[in-house]
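The sequence shown: position 75 = 75 (the UniProt record's numbering), numbered continuously.
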Amino acid sequence: MVPVSFASMEFAGQEWRMVADARGGRALYWERENALIVADLHLEKASFYARGGQMLPPYDSRETLERVAQAVRATGARRVFTLGDNFHDAAGPDRMEPHARGMLDALTRALDWVWVTGNHDEKHGEAAAPGGTQVEEMEVSGVMLRHIARPDETRPELSGHFHPRLQLSLRGRQIVRPCAVVAEGNGQTGGRMVLPACGALTGGMDAGDPAIVSALQPARAIEAAVPAAGRLLRFPLWRAA
1 MVPVSFASME FAGQEWRMVA DARGGRALYW ERENALIVAD LHLEKASFYA
51 RGGQMLPPYD SRETLERVAQ AVRATGARRV FTLGDNFHDA AGPDRMEPHA
101 RGMLDALTRA LDWVWVTGNH DEKHGEAAAP GGTQVEEMEV SGVMLRHIAR
151 PDETRPELSG HFHPRLQLSL RGRQIVRPCA VVAEGNGQTG GRMVLPACGA
201 LTGGMDAGDP AIVSALQPAR AIEAAVPAAG RLLRFPLWRA A
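See below:
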């Protein structure tokens with residue numbers, strides 16, 4: 001089992017913990033709600049591409065769900081909120097092999113599981129969210145949970161969609177790590193955060209990409225947050241003039 005570490009952070013006036021393993025931080029634990037928040041699982045992505053002739057090992061759902069299960073065990077979370085793009089396509093639930101489907105069924109039975117829908121889910125109906133509850137977006141204790149950040153949002157907000165990651169040069173080596181992108185409110189808006197993708201086959205977008213910066217406006221400052229060895233490292237990405 002891959003060891004898990006935690007990096008504490010303050011967001012929206014509360015304490016949160018980023019949950020990380022050797023591959024980087026991919027989940028957020030909300031202590032006040034005893035909830036785990038994950039984004040962009042893209043379950044059954046490999047089997048989707050296999051249908052088109054690109055033969056990938058069909059075990060990405062197992063790996064993704066094990067990441068979630070491991071974070072649940074490590075935190076003791078009793079609730080899970082996903083932030084959209086849960087399955088890669090509408091037929092994903094029907095393609096799940098028995099082992100992965102059993103893992104998902106066990107998780108959704110044991111936990112208060114809420115599927116927030118994303119652009120890969122919104123036209124798929126209930127079939128895209130086996131077990132648990134499906135919503136387009138929701139507000140929990142004053143924090144908005146949705147798939148894509150809304151530029152006009154004034155409340156604290158958690159979202160996904162962009163799969164942010166940060167590339168660093170360390171001792172001559174290029175290191176790429178999934179990261180959160182955190183926007184500091186400008187007095188009229190609350191803090192906002194884009195979570196990294198949790199899926200095993202999700203890839204990523206540069207954390208400082210203009211699309212991410214634009215989606216988090218208006219803001220006072222935007223930075224990447226990367227957990228490392230139990231600490232949260234922050235890297236400035238943008239600051240208001």
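Think of the CB as a built atom: it goes at the ideal place given N, C-alpha and C, for glycine as much as any other residue. These figures come from a predicted structure and were not determined experimentally.
How do the region 173-186 and the region 71-81 stand: do at least 3 beta-carbon pairs fall below 8 Å, yes or no?
In short, these stretches do not touch, since the Cβ pair count stays below three.
Under three-state DSSP, which class holds Gln188?
Coil, per DSSP.
Assign Asn86 to buried or exposed, taking buried as 16 or more other Cβ atoms, counted over all protein chains shown, within 10 Å of its Cβ.
Looking at its Cβ environment, which holds 16 or more other Cβ atoms inside 10 Å, Asn86 is buried.
In the DSSP assignment, find the unbroken alpha helix (DSSP H) run with Glu66 in it and report its ends.
Segment Asp60 to Thr75, the alpha helix (DSSP H) holding Glu66.
Rounded to the nearest angstrom, what separates Asp94 and His42 at their Cα positions?
Using only the alpha carbons, I get a separation of about 14 Å.
Tell me where the beta strand (DSSP E) around Asp105 begins and ends.
Run containing Asp105: none in the beta strand (DSSP E); it sits in the alpha helix (DSSP H), Pro98 to Ala110.
Jot down the residue ranges of each uninterrupted alpha helix (DSSP H) in the region 162-240, minimum 4 residues, whole runs only, in chain order.
Counting only runs of 4 or more, we get 210-215.
Out of Asp112, Leu83, Gly190 and Glu63, which has the shortest C-alpha to C-alpha gap to residue 247?
The chain is shown from 1 up to 241; residue 247 falls before or after that span and cannot be answered.
Taking the straight line between their C-alpha atoms, what separation do you get for Ala241 and Gly102?
So the alpha carbons of these two residues sit roughly 52 Å apart.
Return the Cβ separation of Pro156 and Gly118 in integer angstroms, given the expectation that the two are a contact with Cβ distance under 8 Å.
Actually they are not in contact, since the Cβ atoms of Pro156 and Gly118 sit about 19 Å apart, beyond 8 Å.
Just the C-alpha distance for Trp30 and Glu139, rounded to the nearest angstrom, thanks.
Straight-line Cα distance between these residues: approximately 14 Å.
Could you check the C-alpha separation between Glu10 and Val176 for me, to the nearest Å?
Rounded to the nearest angstrom, the two C-alpha atoms are 24 Å apart.
Going by DSSP, what residues sit across from Arg79 in a beta bridge?
Bridge partners of Arg79: Ala35 and Asp112.
Spell out the partners DSSP gives Val135 in its beta bridges.
Paired residue(s): Val116.
In terms of alpha-carbon separation, which member of Gly92, Arg67 and Met144 lies closest to Gly25?
Looking at the Cα atoms, Arg67 is the closest of the given residues.
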